[in-house]
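Residue numbers (our numbering): 12 to 154.
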């Protein structure tokens with residue numbers, strides 16, 4: 012999915028791109044899946060070109076606002092997977108914060124059972140016509 016341009020600003024809470032997520036299971040089936048699982052995870056992937064990924068917002072099945080998983084401006088509670096392994100470009104918390112004029116990739120893996128499954132994602136910033144981004148929400152994987 013390609014994101015839109017021009018809707019994120021530093022001092023507001025708008026996002027450049029938002030997408031609701033649906034599953035092939037009912038809400039009660041998803042609850043049962045989580046109840047019988049030892050753990051679950053879901054990965055959000057972001058490809059960026061000449062862009063800073065400033066904000067990632069995720070919403071859980073309860074439809075309550077969850078904290079930012081990553082926000083450059085407010086130092087959100089989590090970071091991209093590369094920061095956990097020390098492999099982010101320029102020692103940043105995410106590759107896409109580096110604002111490089113080439114395609115880069117970031118993953119954010121959510122493992123908190125309370126936050127899963129995700130029902131909505133929102134990303135910013137792509138407020139320049141040269142900036143590009145693509146988001147993919149991975150499957151809910153439970154074991």
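Positions of the beta carbon are idealized from the N, C-alpha and C atoms, including for glycine.
The structure presented is a predicted model; accordingly, all values stated were derived computationally and were not measured.
Three Cβ pairs or more, each shorter than 8 Å: is that satisfied between the stretch 48–61 and the stretch 112–130? Output reads yes: the stretch 112–130 touches the stretch 48–61.
Residue 41, enclosing alpha helix (DSSP H) - first and last residue: Locating residue 41 in the chain shown gives position 30, counting from the first residue. DSSP places residue 41 in the uninterrupted alpha helix (DSSP H) bounded by 38–47.
From residue 110 to residue 60, what does the alpha carbon distance come to, in whole angstroms? Taking the chain shown and counting its residues from 1, the one referred to as residue 110 is at position 99. Taking the chain shown and counting its residues from 1, the one referred to as residue 60 is at position 49. Their Cα atoms are separated by approximately 8 Å.
What are the residues that DSSP puts in a beta bridge with residue 120? The residue labelled residue 120 in the question sits at position 109 within the chain shown. Residue 120 is bridged to 54.
In its own chain, which residues sit with a C-beta less than 7 Å from the C-beta of residue 49, not counting the 5 before and 5 after it? Taking the chain shown and counting its residues from 1, one reaches residue 49 at position 38. Cβ neighbours of residue 49 beyond the five flanking positions: 154.
Where does the unbroken alpha helix (DSSP H) through residue 95 begin, and where does it stop? Here residue 95 corresponds to residue number 84 of the chain shown, with the count starting at 1. It spans 92–96 - the alpha helix (DSSP H) in which residue 95 sits, taken as one unbroken run.
For residue 35 and residue 152, the rounded distance between their alpha carbons: Here residue 152 refers to the residue found at position 141 of the chain shown. Here residue 35 refers to the residue found at position 24 of the chain shown. As the crow flies, the alpha-carbon of residue 152 is around 14 Å from that of residue 35.
C-alpha distance - residue 37 paired with residue 148, whole-angstrom precision: Translated into the one-based positions of the chain shown, residue 37 becomes position 26. Translated into the one-based positions of the chain shown, residue 148 becomes position 137. Roughly 19 Å between the two C-alpha positions.
Where residue 32 and residue 101 are concerned, what is the direct C-alpha to C-alpha distance, given to the nearest angstrom? Taking the first residue of the chain shown as position 1, residue 32 is located at position 21. Taking the first residue of the chain shown as position 1, residue 101 is located at position 90. When rounded, the distance between both Cα atoms is 32 Å.
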